[in-house]
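For the record, in the sequence shown the residue sitting at position 34 is 35 according to my numbering, with numbers rising by one throughout.
Heads up, the beta-carbon is just placed ideally off N, CA and C, and yes, glycines get one too.
Just so we're clear, the structure is a prediction, and the values are computed from it rather than from any experiment.
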Amino acid sequence: MECVTAKSKIQETFKEVTELANQKNVKALREEAVNNFLDRILVFRDALDEKTKTITDINSKFEILSWVEGIDEECLELIKGLLQKSNAVHKKLIRSYVEMIWVITKGIAIDTMRKYKIALDDLKEHNQDLEDLYFNLPEDAEFADRIKMLSK
Numbered sequence: 002m003e004c005v006t007a008k009s010k011i012q013e014t015f016k017e018v019t020e021l022a023n024q025k026n027v028k029a030l031r032e033e034a035v036n037n038f039l040d041r042i043l044v045f046r047d048a049l050d051e052k053t054k055t056i057t058d059i060n061s062k063f064e065i066l067s068w069v070e071g072i073d074e075e076c077l078e079l080i081k082g083l084l085q086k087s088n089a090v091h092k093k094l095i096r097s098y099v100e101m102i103w104v105i106t107k108g109i110a111i112d113t114m115r116k117y118k119i120a121l122d123d124l125k126e127h128n129q130d131l132e133d134l135y136f137n138l139p140e141d142a143e144f145a146d147r148i149k150m151l152s153k
């Protein structure tokens, strides 16, 4: 009877050793974890680069809008709606940036984050420029007088 018990213990132990031998070693597991982490950083960076490109494209279009002539009331309403939407998007993206700031403190995607922040700052500046150009400055009598003087 003792031989049967010893044999089952040996077989059980052999099975455990075999399972352990079939598992990946700690170094391989660590390497796999690091590779997965780096892959996720690349995905994050690529997504942020794409978003930065979109914001930069919008900024270019805002620059063009600042030079458009012949703006009527309908256009002003469209610009007003555009600015409201753009300001809302900017606030949302800034909140997102603040939530991601830990990435910079960890030294991850620093250049990508910097470019993203610059694009966001430019978006805010273009929003303010268009608002001033089409809504604030035309209401400013002193500004209107100076424009008339320059037009002569």
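When the distance is taken between beta carbons, is residue j closer than 8 Å to residue i?
{"i": "L124", "j": "I72", "result": "no"}
{"i": "L131", "j": "L66", "result": "yes"}
{"i": "S87", "j": "N128", "result": "yes"}
{"i": "I42", "j": "A142", "result": "no"}
Determine the closest residue to residue i out of the options, with distance taken between C-alpha atoms.
{"i": "M114", "options": "V18, L21, F45, E32", "result": "F45"}
{"i": "F63", "options": "E126, G108, A22, K10", "result": "E126"}
{"i": "G108", "options": "L39, K10, V18", "result": "L39"}
To which residues of the same chain is residue i closer than 7 Å at the C-beta, ignoring the five residues directly before and after it?
{"i": "Y135", "result": "I72, L77, I80"}
{"i": "I56", "result": "A120, L121, L124"}
{"i": "V104", "result": "A110, M114"}
{"i": "L84", "result": "N128, L131, E132"}
{"i": "I102", "result": "none"}
{"i": "A34", "result": "none"}
Looking at chain D, is there any beta carbon in it that lies within less than 8 Å of the beta carbon of residue i?
{"i": "A48", "result": "The chain labelled as chain D is not found in the depicted structure, where only one protein chain is given."}
Below 6 Å CB to CB, which residues in the same chain sit around residue i once its five sequence neighbours on both sides are set aside?
{"i": "L94", "result": "L121"}
>> For the region 105-118 against the region 138-151, do three or more pairs of beta-carbon atoms, one drawn from each stretch, fall closer than 8 Å, so that the two count as touching?
In response: Of all C-beta pairs linking the region 105-118 to the region 138-151, fewer than three are shorter than 8 Å, placing the two stretches out of contact.
> How do the region 14-30 and the region 89-109 stand: do at least 3 beta-carbon pairs fall below 8 Å, yes or no?
Replying inline: By the Cβ criterion, the region 14-30 is not in contact with the region 89-109, since fewer than three pairs of Cβ atoms, one from each stretch, lie closer than 8 Å.
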